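Peer 1: Have a look at the structure that comes next, please.
Protein chains: 2
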Amino acid sequence: MSWACPRQVPPLLGKHQLLHPLDQSLGRHVVASCGPMGSAAYKPSDLLRLKRSQLKVRFCTNESQKSREDLVGMLRRLGFDISEGEVTAPAPATCLILKERGLRPHLLIHDGVRSEFDQIDTSNPNCVVIADAREGFSYQNMNKAFQVLMELENPVLLSLGKGRYYKETSGLMLDVGPYMKALEYACGIEAEVVGKPSPEFFKSALREMGLEAHQVGQLVLKHVRGGSY
Amino acid sequence: MSWACPRQVPPLLGKHQLLHPLDQSLGRHVVASCGPMGSAAYKPSDLLRLKRSQLKVRFCTNESQKSREDLVGMLRRLGFDISEGEVTAPAPATCLILKERGLRPHLLIHDGVRSEFDQIDTSNPNCVVIADAREGFSYQNMNKAFQVLMELENPVLLSLGKGRYYKETSGLMLDVGPYMKALEYACGIEAEVVGKPSPEFFKSALREMGLEAHQVGQLVLKHVRGGSY
Numbered sequence: 036m037s038w039a040c041p042r043q044v045p046p047l048l049g050k051h052q053l054l055h056p057l058d059q060s061l062g063r064h065v066v067a068s069c070g071p072m073g074s075a076a077y078k079p080s081d082l083l084r085l086k087r088s089q090l091k092v093r094f095c096t097n098e099s100q101k102s103r104e105d106l107v108g109m110l111r112r113l114g115f116d117i118s119e120g121e122v123t124a125p126a127p128a129t130c131l132i133l134k135e136r137g138l139r140p141h142l143l144i145h146d147g148v149r150s151e152f153d154q155i156d157t158s159n160p161n162c163v164v165i166a167d168a169r170e171g172f173s174y175q176n177m178n179k180a181f182q183v184l185m186e187l188e189n190p191v192l193l194s195l196g197k198g199r200y201y202k203e204t205s206g207l208m209l210d211v212g213p214y215m216k217a218l219e220y221a222c223g224i225e226a227e228v229v230g231k232p233s234p235e236f237f238k239s240a241l242r243e244m245g246l247e248a249h250q251v252g253q254l255v256l257k258h259v260r261g262g263s264y
Numbered sequence: 036m037s038w039a040c041p042r043q044v045p046p047l048l049g050k051h052q053l054l055h056p057l058d059q060s061l062g063r064h065v066v067a068s069c070g071p072m073g074s075a076a077y078k079p080s081d082l083l084r085l086k087r088s089q090l091k092v093r094f095c096t097n098e099s100q101k102s103r104e105d106l107v108g109m110l111r112r113l114g115f116d117i118s119e120g121e122v123t124a125p126a127p128a129t130c131l132i133l134k135e136r137g138l139r140p141h142l143l144i145h146d147g148v149r150s151e152f153d154q155i156d157t158s159n160p161n162c163v164v165i166a167d168a169r170e171g172f173s174y175q176n177m178n179k180a181f182q183v184l185m186e187l188e189n190p191v192l193l194s195l196g197k198g199r200y201y202k203e204t205s206g207l208m209l210d211v212g213p214y215m216k217a218l219e220y221a222c223g224i225e226a227e228v229v230g231k232p233s234p235e236f237f238k239s240a241l242r243e244m245g246l247e248a249h250q251v252g253q254l255v256l257k258h259v260r261g262g263s264y
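Chains A and B, in that order, are what the protein sequence lines are. Position 135 (the first sequence) corresponds to 170 in my numbering; numbering is contiguous. Position 38 (the second sequence) corresponds to 73 in my numbering; numbering is contiguous.
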């Protein structure tokens, strides 16, 4: 299975991307991911058409201001036929990593996504998790995250995405990436990115689809990277 | 003239450093800079001893939360015999650059240093100047600086220092460097650093002393870098 560019697959809302096996005519599965282009470019009927096809569809998002429940609720209100189980998002992927590695995070995240971490032990933190916290990126909160990292013998920083910025109707907005870079520089460490464009994130989406990736192509990475600026 | 490490020269307060011709016995001037070690390590009598010697003395600081007037006032209240004209600081050095290059800054700085920019035209900004703004590094203020840079054809970011952090009695505090890195990453640019450890900054201090640097040694750079973390 290889990754390839989408053909005639319109993009979805904001930070969200479609992921689906696109073309079986090559004798192997080809998985496509299309970049985000804003809500106007994608209609509920397009998704319906995809779902009625032979194609398996999954939604990959770097959304980290909302829980999957809230995200799906918003998309459903917009007329999209999407369920929570079809969504691959950084917050639940991060929770899996935290549990696997026995990590207890100090959370610097948006309140909207906090419910995804309800089952996570945050006492006596031994790592920091940052996500697009918007106004939560105050000096005080950034300094607290920095101090937690500096107190650790082996500082671990998990970042939900590394996007530079995104566009809203009010203008361009700083994403989590710049704040990840700030903490990396302050502490002299390298963050672990959970989300697009990490190939591991797409592979985890494929695993959730019961598929396996054997190759990750450059074209789709370019598109995916483009999608997250 | 070369740069060398200090010998038996105690350090000054916080971010401030002494700069003085130390040793003429080598047949050429040797300029020394000593790293900061906290106020307890340096006494007003030490400075008096230096000033009474044959050595020219100048104070180099990355202080960017206070104007030179406020800084000198604080040091004088602590008993140090220092005047404003003996201090080389990033804010006045930045003002010179702005005037020379016809730059009108959007300022993301601490209110305490704002008076240094009183004579600077800040209308219709064509660059961004950041300094250690502490609580001024809100998401809203960072995003505004980012938006200003993104609207420029040739974005110019001047940073008063690039320190990672500094120590206060309340603990470690993020310095301007991490926020400089955040804007660099968000905009895909490289900032121009005004302040230690930039050799240009030390050379400007030497020019103010009527001296000229012919060589910058590694040892002092190591010490100076160590001083600004």
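Positions of the beta carbon are idealized from the N, C-alpha and C atoms, including for glycine. Since the model is a prediction, treat every value here as computed from it, not as a measurement.
Using three-state DSSP, classify Phe115/A as helix, strand or coil.
Peer 2: Phe115/A falls in the coil class under three-state DSSP.
Peer 1: Unbroken beta strand (DSSP E) runs of length 3 or more, entirely within the region 190-214 of chain A: which are they?
Peer 2: Fully enclosed beta strand (DSSP E) runs of 3 or longer: 192-195, 200-203 and 206-209.
Peer 1: Are there three or more Cβ pairs, one per stretch, closer than 8 Å when the region 148-165 of chain B is compared with the region 172-190 of chain A?
Peer 2: Touching, no, given that fewer than three Cβ pairs across the two stretches are closer than 8 Å.
Peer 1: Checking 7 Å against the spacing of the C-beta atoms, do Pro125/A and Gly196/A come in under that value?
Peer 2: Yes, the Cβ-Cβ distance between Pro125/A and Gly196/A is below 7 Å.
Peer 1: Could you check the C-alpha separation between Val228/A and Leu110/A for me, to the nearest Å?
Peer 2: Taking the straight line from one Cα to the other gives about 26 Å.
Peer 1: Do you know whose CA, among Tyr174/B, Met215/B, Glu225/B and Glu121/B, lies nearest Asn189/B's CA?
Peer 2: Of the candidates Tyr174/B, Met215/B, Glu225/B and Glu121/B, the one whose C-alpha sits nearest the C-alpha of Asn189/B is Glu225/B.
Peer 1: So what's Asp58/A in DSSP terms, helix, strand or just coil?
Peer 2: At Asp58/A, the pLDDT of 33 sits below 50, so the modelled position is not reliable and the matter cannot be decided from this model.
Peer 1: Per DSSP, what kind of secondary structure is Arg33/A in: helix, strand or coil?
Peer 2: Outside the modelled stretch of chain A, which goes from 36 to 264, sits residue 33/A, for which no answer is possible.
Peer 1: DSSP three-state label for Val151/A, please.
Peer 2: The residue you asked about is not Val; residue 151/A is Glu in the sequence shown. Looking at Glu151/A - three-state DSSP - the assignment turns out to be helix.
Peer 1: Could you tell me whether any Cβ in chain A is nearer than 7 Å to the Cβ of Asn97/B?
Peer 2: No, no contact with chain A.
Peer 1: Buried or exposed for Lys134/A, please, with buried defined as at least 16 other CB atoms from any protein chain shown within 10 angstroms of its CB.
Peer 2: By the 10 Å Cβ count, Lys134/A comes out exposed.
Peer 1: Just the Cα atoms here: how many angstroms apart are Ile132/B and Pro232/A?
Peer 2: Cα to Cα, Ile132/B sits roughly 39 Å from Pro232/A.
Peer 1: On a Cα-Cα basis, can you pick out the residue from Cys162/A, Asp81/A and Thr123/A that is closest to Leu193/A?
Peer 2: Of the candidates Cys162/A, Asp81/A and Thr123/A, the one whose C-alpha sits nearest the C-alpha of Leu193/A is Cys162/A.
Peer 1: Should Asn178/B be flagged as near chain A, meaning a C-beta pair shorter than 7 Å?
Peer 2: Output row for Asn178/B: interface = yes.
Peer 1: Check each residue of the region 159-174 of chain B: if its Cβ is closer than 9 Å to any Cβ of chain A, include it; give the result in chain order.
Peer 2: The residues in question are Ala168, Arg169, Glu170, Gly171, Phe172, Ser173 and Tyr174.
Peer 1: Could you list the residues in the region 211-236 of chain B with a C-beta less than 9 Å from some C-beta on chain A, going in chain order?
Peer 2: Those would be Gly212, Pro213, Tyr214, Met215, Lys216, Ala217, Leu218, Glu219, Tyr220, Ala221, Cys222 and Gly223, in chain order.
Peer 1: Mind reading off the beta-carbon distance from Arg139/A to Asp156/A? Whole number of angstroms is fine, and I expect it under 8 Å.
Peer 2: With 8 Å as the limit, Arg139/A and Asp156/A qualify as a contact, their Cβ atoms being about 5 Å apart.
Peer 1: Helix or strand or just coil, what does DSSP make of Met244/A?
Peer 2: Note: Met244/A maps to coil in three-state DSSP.
Peer 1: Under a Cβ-count criterion, where at least 16 other Cβ atoms within 10 Å of its own Cβ denotes burial, should Leu120/A be classed as buried or exposed?
Peer 2: First, the residue type needs correcting, since residue 120/A is Gly and not Leu in the sequence shown. Under this definition Gly120/A is an exposed residue.
Peer 1: Taking only beta carbons into account, state which residues of the region 196-208 of chain A come closer than 7 Å to chain B, listed in chain order.
Peer 2: From the region 196-208 of chain A, only Arg199, Tyr200, Gly206, Leu207 and Met208 have a Cβ closer than 7 Å to chain B.
Peer 1: From Val107/A, Asp116/A, Met177/A and Arg242/A, pick the residue whose C-alpha is nearest to that of Leu207/B; which is it?
Peer 2: Measuring from the Cα of Leu207/B, the nearest candidate turns out to be Met177/A.
Peer 1: Can the beta-carbon of Phe115/A be found less than 7 Å from the beta-carbon of Leu82/A?
Peer 2: Cβ distance < 7 Å, so Phe115/A and Leu82/A count as in contact.
Peer 1: Considering just the uninterrupted stretch of the beta strand (DSSP E) at Phe181/B, what are its terminal residues?
Peer 2: Where Phe181/B is concerned, there is no enclosing beta strand (DSSP E), although the alpha helix (DSSP H) it sits in stretches over Tyr174 to Met185.
Peer 1: Please report the straight-line C-alpha distance between Asp105/A and Asp167/A, rounded to a whole angstrom.
Peer 2: Computed Cα separation, rounded: 16 Å.
Peer 1: What residues in its chain sit with their C-beta under 7 Å from that of Thr129/B, if we drop five residues either side in the sequence?
Peer 2: Within the same chain, Thr129/B has close Cβ partners Val164, Leu193, Leu195 and Val229.
Peer 1: Rounding to the nearest angstrom, what Cα-Cα distance links Arg84/B and Met215/A in this structure?
Peer 2: The alpha-carbon atoms of Arg84/B and Met215/A are separated by roughly 47 Å.
Peer 1: Distance cutoff 7 Å, beta carbons only. Does Phe115/B sit that close to anything in chain A?
Peer 2: No, Phe115/B does not count as interfacial toward chain A.
Peer 1: Going by C-alpha distance, which of Lys101/A, Val211/A, Thr123/A and Lys86/A is nearest Ser239/A?
Peer 2: The shortest Cα separation from Ser239/A among Lys101/A, Val211/A, Thr123/A and Lys86/A belongs to Thr123/A.
Peer 1: Let me check one thing: in DSSP terms, what residues is Val164/A bridge-paired to?
Peer 2: DSSP lists Leu142/A and Leu193/A as partners of Val164/A.
Peer 1: In whole angstroms, give me the CA-to-CA distance for Cys69/A and Cys95/A.
Peer 2: Reliability of the predicted coordinates at Cys69/A is poor, the pLDDT of 41 falling under 50, and no value is obtained from them.
Peer 1: Glu186/B: buried (16+ other C-beta within 10 angstroms of its C-beta) or exposed?
Peer 2: So Glu186/B counts as exposed.
Peer 1: Using a cut-off of 8 Å between C-beta atoms, extract the partners of Gln182/B located in chain A.
Peer 2: Within 8 Å Cβ-Cβ: Gly206 and Leu207.
Peer 1: When you compare the CB of Met185/A with every CB in chain B, is at least one pair closer than 7 Å?
Peer 2: Taking Cβ atoms only, chain B reaches closer than 7 Å to Met185/A, which makes this a yes.
Peer 1: Closer than 6 Å by C-beta to Leu209/B: which residues in its own chain qualify, once you throw out the five before and the five after it? Chain order, please.
Peer 2: Only Tyr200 meet the Cβ criterion.
Peer 1: Taking the DSSP output, what are the residues bridged to Cys222/A?
Peer 2: None; Cys222/A has no bridge partner.
Peer 1: Which ranges would you report for the beta strand (DSSP E) in the region 74-103 of chain A if only whole runs of at least 3 residues count?
Peer 2: List check, beta strand (DSSP E) in window: 93-96.
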